[in-house]
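Residue numbers (our numbering): 21 to 495. Each residue gets a CB set at the ideal place from its N, CA and C atoms; glycine is no exception. Everything below concerns the one structure shown next.
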Amino acid sequence: MAGNLAITGIVSGFDTDAIIKAIMNQERLPLTKLESQKTTLKDRSDAWRELNSRLYKLKDAVYNLQSFITFRAQKVSVSDDKILTATVSSGALLSSYKINVKSLAKAHIVASGKIDDMTPITGGKIKITINGENKEITLNPEGSTNEERLNSLAKQINAAEAGVTASVVKLAENEFKLYLTSKNTGEAYKMELADVEGEVLKDLGILDTSDQIAHEAQAATDAVLEINGDTENPARRASNQITDLIPGITLNLKEEGTVTLGVELNQDQIIKNVKEFVNAYNSVMDYINQHKTFSYNETTKTGTKGALFGDSTLLQIESKIKEYIYQTVEGVDPKVGLLSLVGIKGASGVEGAKSGRLEFDEELFKAKLDSNFDDIAKLFGATSTGESKGIFTRLYQDLFDWTSSDGILKSKTETIQNEIDDLDDQLAAMEDRLAKREEYYYAKFMAMEKALATIQSQASWLTAQLGAISTQWKR
Numbered sequence: 021m022a023g024n025l026a027i028t029g030i031v032s033g034f035d036t037d038a039i040i041k042a043i044m045n046q047e048r049l050p051l052t053k054l055e056s057q058k059t060t061l062k063d064r065s066d067a068w069r070e071l072n073s074r075l076y077k078l079k080d081a082v083y084n085l086q087s088f089i090t091f092r093a094q095k096v097s098v099s100d101d102k103i104l105t106a107t108v109s110s111g112a113l114l115s116s117y118k119i120n121v122k123s124l125a126k127a128h129i130v131a132s133g134k135i136d137d138m139t140p141i142t143g144g145k146i147k148i149t150i151n152g153e154n155k156e157i158t159l160n161p162e163g164s165t166n167e168e169r170l171n172s173l174a175k176q177i178n179a180a181e182a183g184v185t186a187s188v189v190k191l192a193e194n195e196f197k198l199y200l201t202s203k204n205t206g207e208a209y210k211m212e213l214a215d216v217e218g219e220v221l222k223d224l225g226i227l228d229t230s231d232q233i234a235h236e237a238q239a240a241t242d243a244v245l246e247i248n249g250d251t252e253n254p255a256r257r258a259s260n261q262i263t264d265l266i267p268g269i270t271l272n273l274k275e276e277g278t279v280t281l282g283v284e285l286n287q288d289q290i291i292k293n294v295k296e297f298v299n300a301y302n303s304v305m306d307y308i309n310q311h312k313t314f315s316y317n318e319t320t321k322t323g324t325k326g327a328l329f330g331d332s333t334l335l336q337i338e339s340k341i342k343e344y345i346y347q348t349v350e351g352v353d354p355k356v357g358l359l360s361l362v363g364i365k366g367a368s369g370v371e372g373a374k375s376g377r378l379e380f381d382e383e384l385f386k387a388k389l390d391s392n393f394d395d396i397a398k399l400f401g402a403t404s405t406g407e408s409k410g411i412f413t414r415l416y417q418d419l420f421d422w423t424s425s426d427g428i429l430k431s432k433t434e435t436i437q438n439e440i441d442d443l444d445d446q447l448a449a450m451e452d453r454l455a456k457r458e459e460y461y462y463a464k465f466m467a468m469e470k471a472l473a474t475i476q477s478q479a480s481w482l483t484a485q486l487g488a489i490s491t492q493w494k495r
């Protein structure tokens, strides 16, 4: 009831609310039908969105099988990770290396003399030169004690960003040392120090009377490595993290010593990628089967349609995906010329065949991978030249097109949303008309009640008048 007080037939005795409700239920039937249409459209839209999500996951899984880099996943092993660790990226050759870490890259560290209460800590200007770059720093010691003054100098040096880190160490009560450490390792980052104004560095005992470094706590050194026993031509690097010694390999040196480093195919990762593909593929097929079917209940004699039942686009997508699974690739050894021959095959049994699902024979795949790796790579499409349009290369392109921002699935959901928007407009207009219609009925019933009340009042008056006349006649 839209904005009306309930009138329950005070005069007429009619159940007005019940009567109007029954009338409105009949008049709402077209609206109920539209609401049902909207629910159906929303179910279809949700189904397409979910299918798009599953196809997107399938696309990612397919990418890993058709990509030269990810299909040829590699792993690196090191005989002693206390000496060095290694990580592998794309482009590494499958090989083995003997690496002798002769020395580590170290940062240059310079120390002051022992500083106590008697040591003069003065101000002035110093120059720090590292790798050809000069930085002049004006120092003004602050504080009432030498500890405070020394710490203030360290803070000023650090704030200058001269490529060094200054730190203070307390040796004993009222005994300190100042250390200057190059921020980078390697011989190229050896510090050169000089007093420009005043004798700050000399007073601290960092420079001697001949302006040379007085206390070198640690020399700046490069990392030195001998590869495969080549002692005459060792490799030298400024850092202990080395990315350019062996293509595709990053080394992290920890200590001196000899290790054996090996690069091999990461078969476990390849198998993991295949399993992810099979799972994603089956997820798509399960969802399509669930939403394309029509089920009939013998007991209730009613049928239920899947949200995408009879949709030609859905059937085309399903057919296209299945088609790729049984394709061949030119130039591939016939022994591994089909996915089924390498362990990726249709599910067994009648129900398995109907479902369109896949099964993965891991042991067969491992055996074929060991004996026919290059042909399987070509079958999948994972070749370095990109010329081979392998099975997964073709499938990936279709999946990419379907799930892109301007793809057919996006178009489907947008079209459905436009239909939903149109229905919302119709529903809003119909709700408005029904509300006015309900008000109309209440107004009519109210008018009837008023009319009946008037008639009843007049009848009562006439009855009273007639009674009075009758009384007078009797007298």
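Inset, instruction - Please classify residue 155: does DSSP put it in a helix, a strand, or coil? - result: strand
Legend entry - Local Cβ density within 10 Å of residue 109, reported as buried at 16 or more and exposed below that: exposed
Inset, instruction - Report the option in 295, 236, 457 and 115 whose CA atom is closest to the CA atom of residue 48. - result: 457
Inset, instruction - Kindly indicate which three-state DSSP category residue 377 falls into: helix, strand or coil? - result: coil
Legend entry - Endpoints, beta strand (DSSP E) assigned at residue 259: Looking at the DSSP string, residue 259 is not in any beta strand (DSSP E), and its letter there is neither H nor E.
Inset, instruction - Compute the Euclidean distance between the alpha carbons of residue 461 and residue 43, then round it to the nearest angstrom. - result: 9 Å
Legend entry - Reduced DSSP secondary structure (H/G/I, E/B, other) of residue 238: strand
Legend entry - Euclidean distance between Cα positions of residue 36 and residue 454: 17 Å
Inset, instruction - Might you give, ordered along the chain, the residues of its own chain that have their beta carbon closer than 6 Å to the beta carbon of residue 124, omitting 5 neighbours on each side? - result: 243, 260 and 273
Inset, instruction - Determine, using beta carbons only, whether residue 154 and residue 277 come nearer to each other than 9 Å. - result: no
Legend entry - Residue from 238, 435 and 331 whose Cα sits closest to the Cα of residue 204: 238
Inset, instruction - Have a look at residue 407 and residue 341 and give me their C-alpha separation to the nearest angstrom. - result: Summary for residue 407: the model assigns pLDDT 49, below 50, so the residue's position carries little reliability; its value from the coordinates is reported in the next sentence. Distance between the alpha carbons of residue 407 and residue 341: 22 Å.
Inset, instruction - With residue 84 as the anchor, note down where its alpha helix (DSSP H) starts and where it stops. - result: 49-86
Inset, instruction - Compute the Euclidean distance between the alpha carbons of residue 227 and residue 271, then round it to the nearest angstrom. - result: 37 Å
Inset, instruction - Spatial neighbours of residue 90 within its chain, please: CB distance less than 6 Å, with the 5 preceding and 5 following residues excluded, ordered by chain position. - result: 84
Legend entry - Beta-carbon proximity check, residue 129 vs residue 236, cutoff 9 Å: yes
Inset, instruction - Just the C-alpha distance for residue 358 and residue 301, rounded to the nearest angstrom, thanks. - result: 17 Å
Legend entry - Closest residue to residue 250 among 122, 134 and 230 (Cα-Cα distance): 122
Inset, instruction - State the beta-bridge partners of residue 273 as determined by DSSP. - result: 104
Legend entry - Extent of the continuous beta strand (DSSP E) run through residue 131: 127-131
Inset, instruction - Grab the span of the beta strand (DSSP E) containing residue 165 for me, first residue to last. - result: Residue 165 -> no beta strand (DSSP E), and no H or E assigned at all.
Legend entry - Inside the region 297-382 only - alpha helix (DSSP H) runs reaching at least 4 residues: 332-345 and 369-375
Inset, instruction - Quick one: residues in its chain with C-beta nearer than 7 Å to the C-beta of residue 208, no 5 flanking neighbours on either side, listed in chain order? - result: 151 and 258
Legend entry - Limits of the unbroken alpha helix (DSSP H) element including residue 398: 393-400
Legend entry - Boundaries of the beta strand (DSSP E) in which residue 200 is found, first to last residue: 195-205
Inset, instruction - Look at the alpha carbon of residue 386 and the alpha carbon of residue 298, and state the distance between them as a whole number of angstroms. - result: 16 Å
Legend entry - Cβ contact (3+ pairs, closer than 8 Å) linking the region 103-118 and the region 209-222: no
Inset, instruction - For residue 188, write down the residues that DSSP places opposite it in a beta bridge. - result: 198
Legend entry - Counted within 10 angstroms of its Cβ, other Cβ atoms place residue 79 as buried (16 or more) or exposed: buried
Inset, instruction - Keeping to the same chain, check which residues put their C-beta closer than 8 Å to that of residue 368; ignore five residues upstream and five downstream. - result: 379
Inset, instruction - With a threshold of 16 other CB atoms inside 10 Å of the CB of residue 269, please say whether the residue is buried or exposed. - result: buried
Legend entry - Same chain, Cβ closer than 8 Å to residue 475, five either side skipped, listed in chain order: none
Legend entry - Backbone CA spacing between residue 190 and residue 252 [nearest angstrom]: 45 Å
Inset, instruction - Could you pull the start and end residues of the alpha helix (DSSP H) that residue 232 belongs to? - result: Unbroken run through residue 232: none, as it is neither H nor E.
Legend entry - Cβ neighbour criterion (16 or more within 10 Å) applied to residue 416: buried
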